[in-house]
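Structure first, then comments.
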Amino acid sequence: MDSNSSSLFSLAHHLLTYGLDGSPIYADQFARLNRDVYERAIELYNTRGTTVEEEAELCLGLLVAFAATIYDNGSKQEYVQNVLDRSWEVLPKLSPSLLKVRLLTYCYGEFYDESLAKEAHEIINTWNREELTLEQAEIVEELKDFEENQYPWEEVEE
Numbered sequence: 005m006d007s008n009s010s011s012l013f014s015l016a017h018h019l020l021t022y023g024l025d026g027s028p029i030y031a032d033q034f035a036r037l038n039r040d041v042y043e044r045a046i047e048l049y050n051t052r053g054t055t056v057e058e059e060a061e062l063c064l065g066l067l068v069a070f071a072a073t074i075y076d077n078g079s080k081q082e083y084v085q086n087v088l089d090r091s092w093e094v095l096p097k098l099s100p101s102l103l104k105v106r107l108l109t110y111c112y113g114e115f116y117d118e119s120l121a122k123e124a125h126e127i128i129n130t131w132n133r134e135e136l137t138l139e140q141a142e143i144v145e146e147l148k149d150f151e152e153n154q155y156p157w158e159e160v161e162e
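Written as structure tokens, this is what we have:
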């Protein structure tokens, strides 16, 4: 099950970043990737991790998948809320880690509770800034993006 949730996260993350490297976006590939991510998320939605880390990885993969996909069977927001509820159960049990920062960040990205961002920053501040892994640097940037643009689908007048 652990490889399924990691695979879902990787696939959903690929969808979120599709085309950001400057490569062309093809409609058929984009639609297929969206469908694959959404279908895999629905398949894994009712499963549970056997450990705290597996449950956290599953919640993370599901949150990223639902955020990344354009599909909605009419229950997507209910799914997201249920995954957030599962995340609240698992977050206090997780040790400070990249996984915890990722889950905090994507939970924050759903409803912008400042305490989530604060906890993520507390963990990030323990990392050596000179030796960040690619994954650490990516989540630092993603958290920053969420914090700077809390209304991504709305035009905010200043």
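Here the sequence shown is numbered in the working numbering, starting from 5 and rising by one per residue. Even for Gly, the Cβ is constructed at its ideal location relative to N, Cα and C.
1. Report yes if the CB atom of I128 is closer than 7 Å to the CB atom of V144, and no otherwise.
2. Confirm, please, whether the CB-CB distance from A71 to L19 is below 7 Å.
3. Alpha carbon to alpha carbon, what distance is there between V84 and L12?
4. Expressed to the nearest angstrom, what Euclidean distance is found between the alpha-carbon atoms of A121 and L98?
5. Can you give the Cα-Cα distance for N50 and D32, rounded to whole angstroms?
6. Would you report the Cα separation of T21 and T130, rounded to the nearest angstrom?
7. Below 8 Å on the Cβ atoms is my contact criterion, and I expect R52 with E59 to pass it. Report the Cβ-Cβ distance as a whole number of Å.
8. Tell me the DSSP secondary structure of M5 in three-state form.
9. Considering only residues of the same chain and omitting the five flanking positions on each side of V94, which have a CB-CB separation below 7 Å?
10. Straight-line CA distance for R36 to L15?
11. Using the C-alpha atoms, what's the distance from A141 back to H125?
12. State buried or exposed for E146, treating a residue as buried only when at least 16 other CB atoms are found within 10 Å of its CB.
13. Check whether the Cβ atoms of L67 and A45 sit closer than 7 Å, and answer yes or no.
14. If you run the structure through DSSP and keep just helix, strand and coil, what is D25?
15. Have a look at P100, E134 and L88 and flag the residue whose alpha-carbon is nearest the alpha-carbon of G113.
Here's the rundown:
1. By one-based count along the sequence shown, residue 128 stands at place 124. By one-based count along the sequence shown, residue 144 stands at place 140. Yes. Within cutoff.
2. Within the sequence shown, numbered from 1, the residue matching residue 19 stands at position 15. Within the sequence shown, numbered from 1, the residue matching residue 71 stands at position 67. Contact: no.
3. Mapped onto the sequence shown, residue 12 falls at position 8. Mapped onto the sequence shown, residue 84 falls at position 80. Distance from the CA atom of L12 to the CA atom of V84, rounded to whole angstroms, is 15 Å.
4. Position 117 of the sequence shown holds residue 121. Position 94 of the sequence shown holds residue 98. Going by the C-alpha atoms only, they are around 16 Å apart.
5. Here the question's residue 50 lines up with position 46 in the sequence shown. Here the question's residue 32 lines up with position 28 in the sequence shown. Whole-angstrom Cα-Cα distance: 29 Å.
6. Within the sequence shown, numbered from 1, the residue matching residue 21 stands at position 17. Within the sequence shown, numbered from 1, the residue matching residue 130 stands at position 126. Approximately 27 Å, taken between the alpha carbons.
7. Against the sequence shown, residue 52 aligns to sequence position 48. Against the sequence shown, residue 59 aligns to sequence position 55. The Cβ separation is near 6 Å, so the contact holds.
8. In the sequence shown, counting from the first residue as 1, residue 5 sits at position 1. Summary for M5: the model assigns pLDDT 48, below 50, so the residue's position carries little reliability; its value from the coordinates is reported in the next sentence. Reduced to three states, the DSSP call for M5 is coil.
9. Along the sequence shown, one-based indexing puts residue 94 at 90. Within the same chain, V94 has close Cβ partners V56, E59, A60 and C63.
10. The count along the sequence shown starts at 1 and reaches residue 36 at position 32. The count along the sequence shown starts at 1 and reaches residue 15 at position 11. If I take the Cα positions, the gap works out to 12 Å.
11. By one-based count along the sequence shown, residue 125 stands at place 121. By one-based count along the sequence shown, residue 141 stands at place 137. C-alpha separation (whole angstroms): 13 Å.
12. Here residue 146 is taken as the residue at index 142 of the sequence shown, counted from 1. Answer is buried; the Cβ neighbour count reaches 16.
13. The residue you call residue 67 lines up with position 63 of the sequence shown. The residue you call residue 45 lines up with position 41 of the sequence shown. No, the Cβ-Cβ distance between L67 and A45 is not below 7 Å.
14. Within the sequence shown, numbered from 1, the residue matching residue 25 stands at position 21. If DSSP states are grouped into helix, strand and coil, D25 belongs with coil.
15. Taking the sequence shown and counting its residues from 1, one reaches residue 113 at position 109. The shortest C-alpha separation from G113 is found at L88.
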